[in-house]
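Enquirer:
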Ligand SMILES: [Zn+2]
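Numbering (full-length UniProt numbering), first residue to last: 1 to 331.
(1) Check each candidate in 170, 12, 113, 150 and name the one with the smallest Cα separation from residue 61.
(2) Among residues of its own chain, excluding the 5 on either side of residue 5, which ones have a beta-carbon nearer than 7 Å to its beta-carbon?
(3) Please state whether DSSP places residue 83 in a helix, a strand or coil.
(4) At which residue ranges does the region 257–314 contain complete beta strand (DSSP E) runs of 3 or more residues, listed in the order of the chain?
(5) Helix or strand or just coil, what does DSSP make of residue 336?
(6) In three-state DSSP terms, what is residue 139?
(7) Measuring CA to CA, which of 1, 3, 318, 7 is closest to residue 331?
(8) Candidates 78, 48, 55, 244: which alpha carbon is nearest residue 64's?
(9) Just checking, does the region 16–31 make contact with the region 285–303 on the three C-beta pairs under 8 Å criterion?
(10) Does residue 177 come out as helix, strand or coil in the three-state DSSP assignment?
(11) Taking 8 Å as the cut-off, is the C-beta of residue 284 nearer than that to any heavy atom in ligand 1?
(12) What do you reckon, is the C-beta of residue 279 under 8 Å from a heavy atom of ligand 3?
(13) Assuming contact is defined by CB atoms lying nearer than 9 Å, are residue 97 and residue 83 in contact in what I supplied?
(14) Could you pull the start and end residues of the beta strand (DSSP E) that residue 221 belongs to?
(15) CB of residue 12 to nearest heavy atom of ligand 1: below 8 Å?
(16) Tell me the DSSP secondary structure of residue 195 in three-state form.
(17) Give the straight-line distance between the Cα atoms of residue 129 and residue 323, rounded to the nearest whole angstrom.
(18) Which residues does DSSP pair with residue 132 in a beta bridge?
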């Protein structure tokens, strides 16, 4: 099968984990930032996480370098544009990108400038290529909570016009959901959709909490519902979509290897699964690669692929008009 030509949808992709290494070097030069090296291969090596890391912490270190050049409006706009361009060029028809707004304020940008920049880059790509997109606000769980409402208020300028959802990301401690209930409620009141990273690192209860306490309609990863009957049943009963990211899960040791990934078992049991990249650069992957890996490892056929594609349409935080457009590529 020609995986490259298939129409694709990526619902779980981080902006800072998907920066072109060439762009890091170009932006560092423009911004007078000294990099550890100006050799493209060395920069690439510093940005790509090992195929298996010791843990999620080692994986997350790969974001420091890209974030250092994502502190200007022009730099963020360019990186946003290029991510949509890269995805469009491998037939991704719809892409939801998430990012941590608070990570881009180190050199004096305001939140509004950050939102203007990501959305402008996306819209520039949408005008040039056959791709549509939206942004998701990822709140980092370990950061202070005092500006979360300000993030949601400021981004509301683009609500349903470039920014659509609220997410919690970063290291996953057991029971993290309880302290974020007021923020998720506030986001929902304002009109944001909700997806939460949970059940990535072995805590099925976190998935149960993300759905029952925070109102998550989708869950980032969610693979550890396998060991938690309550979470599994809830995800199934409430038709919650899991944003699976197979390569990333192998790298962070969330699963031992691809063969042990529960994505096919979930699919066969009627769980709403989607296939996504997580981080195009840090995980050294593309949607074409993720689709190929899953289909080949688990012997899925074309009909299975389009079933999964349609699940992605159904659970995308996109307008009805965009969903209609995406369904024209279905078989
Ligand atoms: Zn993620």
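For every residue, glycine included, the Cβ atom is placed at its ideal position computed from N, Cα and C.
Expert: Well, looking at it:
(1) 170
(2) 91
(3) Here residue 83 sits in helix by DSSP.
(4) 272–275
(5) Residue 336 is absent from the model: the chain starts at 1 and stops at 331.
(6) strand
(7) 7
(8) 48
(9) These segments do not touch.
(10) helix
(11) no
(12) The model depicted lacks ligand 3 and carries ligand 1 instead.
(13) yes
(14) 218–221
(15) yes
(16) For residue 195, the secondary structure class from DSSP, reduced to helix, strand or coil, is strand.
(17) 17 Å
(18) Paired residue(s): 94.
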